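First to last, the protein sequences are chains A and P. Taking the numbering used here, the leading residue of the first sequence gets 3, the next gets one more, and so forth. Taking the numbering used here, the leading residue of the second sequence gets 3, the next gets one more, and so forth.
Protein chains: 2
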Amino acid sequence: MDCDHNHKSFGSNTIFLLENLNGKELYAENEMILRNTLDKFNVLNDTEFSEFLNVCKYEAFSKREFLLKSGNYNHGIYFVLSGSVGLFELIDGKEMYQNFFLKNEFAHELKSLTTQVPSTKNLLALSDTTAFHLSRKELLKLYEKSASFERLGRKLLEHILNGQNEISSVVQSLKPEERYLYLENNRPNLLNTIPLTYLASYLGLARETLSRIRARK
Amino acid sequence: MDCDHNHKSFGSNTIFLLENLNGKELYAENEMILRNTLDKFNVLNDTEFSEFLNVCKYEAFSKREFLLKSGNYNHGIYFVLSGSVGLFELIDGKEMYQNFFLKNEFAHELKSLTTQVPSTKNLLALSDTTAFHLSRKELLKLYEKSASFERLGRKLLEHILNGQNEISSVVQSLKPEERYLYLENNRPNLLNTIPLTYLASYLGLARETLSRIRARK
DNA sequence: GAATTTCCGTGACCAAAATCACAAAAGGAT
DNA sequence: ATCCTTTTGTGATTTTGGTCACGGAAATTC
Chain A
3 MDCDHNHKSF GSNTIFLLEN LNGKELYAEN EMILRNTLDK FNVLNDTEFS
53 EFLNVCKYEA FSKREFLLKS GNYNHGIYFV LSGSVGLFEL IDGKEMYQNF
103 FLKNEFAHEL KSLTTQVPST KNLLALSDTT AFHLSRKELL KLYEKSASFE
153 RLGRKLLEHI LNGQNEISSV VQSLKPEERY LYLENNRPNL LNTIPLTYLA
203 SYLGLARETL SRIRARK
Chain P
3 MDCDHNHKSF GSNTIFLLEN LNGKELYAEN EMILRNTLDK FNVLNDTEFS
53 EFLNVCKYEA FSKREFLLKS GNYNHGIYFV LSGSVGLFEL IDGKEMYQNF
103 FLKNEFAHEL KSLTTQVPST KNLLALSDTT AFHLSRKELL KLYEKSASFE
153 RLGRKLLEHI LNGQNEISSV VQSLKPEERY LYLENNRPNL LNTIPLTYLA
203 SYLGLARETL SRIRARK
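Here it is, written out as structure tokens:
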């Protein structure tokens with residue numbers, strides 16, 4: 003079973019109070035950020051966006067809490083509002099990171115989501131994290147509902163695939179130092195927010211190697 | 003400019019003769035193979051499939067002929083009917099392969115296709131190859147035409163992304179020998195059809211290393 | 001079928017990265 | 001402030017994979 007805590011359903015006409023006094027404003031801001039992000043892929047009209055938002059649940063995770071544990075598959079996708087999420091696989095007892103998701107990105111594990119096989123991978127909060135959770139079930143319902151959501155899904159996938167191809171070719175083709183430079187130039191936010199230890203496996207390097215590369219600069 | 007030779011438009015009611023006497027049969031077979039492949043992602047009705055087929059052009063490439071040259075972007079996608087296609091990027095004057103496409107797969111370079119920036123990569127026929135070519139323009143028209151095509155696109159992208167994630171994590175996380183074993187167990191057709199030289203860069207290894215790994219087994 | 005190109009195997013050597021070990025630094029919790 | 005955990009830096013050593021060089025096999029061309 004997936005983690006389920008702090009699920010709070012809400013729509014555009016629902017007031018949702020966070021723990022602080024600015025709850026309403028914060029909620030409105032998150033809503034707006036989500037909409038702006040979606041708009042970059044496919045513009046939804048007010049009704050459609052409302053439908054989307056209505057099936058999103060706000061969730062909070064503390065550091066080292068799992069969004070998805072290997073073995074599960076019915077998890078859906080997470081729109082990260084704050085914090086950071088890592089995707090890793092346990093190999094020889096070591097956490098090998100394959101992706102990271104920061105603010106305004108969709109954390110996901112696509113294989114189990116689309117094929118319904120138990121995931122071999124884990125989604126883990128690497129710091130205290132908040133997110134909108136869209137369950138697989140609700141996602142599929144949206145796809146049935148309108149072509150706008152299909153298009154949104156397609157465009158989002160195109161974007162994700164482009165990013166995956168990029169990091170993939172970096173690891174396939176570049177030397178360790180060049181891989182580090184790639185991060186520095188193209189994904190500086192990862193260098194700021196994600197511990198070196200995790201970034202090393204992401205780049206296909208030993209932690210010590212990455213540390214030394216950074217030292218001699 | 004993209005390569006354009008042997009373009010032959012045809013629909014379900016058009017007779018298309020290949021050079022041999024079995025042209026009609028061969029054509030019908032290719033048509034069926036395409037339909038079966040598409041059906042695995044999203045089932046199209048007869049009208050829709052006909053629309054799809056009508057905008058496909060049959061093309062033939064000899065070994066070492068380019069389907070897409072770096073610098074271009076208006077190429078579309080290719081459904082490989084026979085032969086093999088490699089996706090590579092020139093790095094330090096060396097062809098670094100990032101993907102291979104065999105029979106019944108869609109050869110593509112997604113970045114330039116979706117963002118309209120000149121491609122840094124190349125699609126190259128690694129053996130004599132035949133394919134259906136769907137241009138970017140016609141692909142976009144299909145997407146506009148019906149939600150069935152949107153869904154087809156989405157599902158195809160999900161499939162491609164799952165494959166990309168897999169090879170990506172193999173190169174990020176596994177040692178050279180394990181990478182070879184991955185190919186042997188999961189992509190045996192690549193080992194059969196693609197020269198070791200090209201596979202080496204795909205696995206992030208030197209050619210000699212891959213040759214030695216194979217030797218000691 | 002001879003010639004040319006492409007592809008693969010292999011030895012010797014070297015450079016680079018992994019591993020091991022430990023300590024220092026930074027960050028969180030109480 | 002103190003303790004504990006997490007994260008990072010760094011030296012010493014080992015291992016491995018890269019590079020260079022060459023020859024042979026296999027495939028393609030003419």
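Note that CB positions come from ideal geometry on N, CA and C, so glycine has one too. None of the values given here were measured: they were computed from a predicted structure.
Short of 7 Å from the beta carbon of N101 (chain A), and not among the five residues preceding or following it, lie these beta carbons of its own chain, in chain order: L89. Here DSSP, grouped into helix, strand and coil, assigns N188 (chain A) to helix. Counting the other CB atoms within 10 Å of its CB gives N47 (chain A) a total below 16, which places it among the exposed residues. One alpha carbon belongs to L158 (chain A), the other to A62 (chain A), and they sit about 24 Å apart. The residue from A:L176, A:S175, A:H110 and A:H161 with its alpha-carbon nearest to that of K42 (chain A) is A:H161. Residues of chain A whose Cβ lies closer than 7 Å to the Cβ of A149 (chain P) are, in chain order, A149 and E152. Membership of S84 (chain P) in the beta strand (DSSP E) is indicated by the continuous run I79 to S84. Residues of chain A whose Cβ lies closer than 7 Å to the Cβ of R156 (chain P) are, in chain order, E152, G155, R156 and L159. Secondary structure of E97 (chain P) (DSSP, three-state): strand.
Sequence-distant partners of Y145 (chain P) (beyond 5 residues in either direction) whose C-beta falls short of 8 Å from its own C-beta, in its chain, are F151, E152 and G155. The beta carbon of I79 (chain A) does not come within 8 Å of any beta carbon belonging to chain P, so the residue lies off that interface.
Close CB contacts of I35 (chain A) within its chain, under the 8 Å cut and outside five residues either way in sequence, are with L83 and N106 (chain order). The beta-carbon distance between L163 (chain A) and Q166 (chain P), rounded to whole angstroms, is 6 Å. This is short enough to meet the 8 Å contact definition. Residue-level contact by beta carbon holds for Q100 (chain A) and chain P, with a gap shorter than 8 Å. Against chain A, the beta carbon of V173 (chain P) has neighbours under 8 Å at S170, V173, Q174 and G206, listed in chain order. Among the residues of chain P, those whose CB is under 8 Å from the CB of I162 (chain A) are L163, following chain order. Looking at the backbone, the Cα of T49 (chain A) and that of A109 (chain A) are separated by about 25 Å. Here L128 (chain A) really is in contact with S86 (chain A); their C-beta atoms are around 5 Å apart, less than 8 Å.
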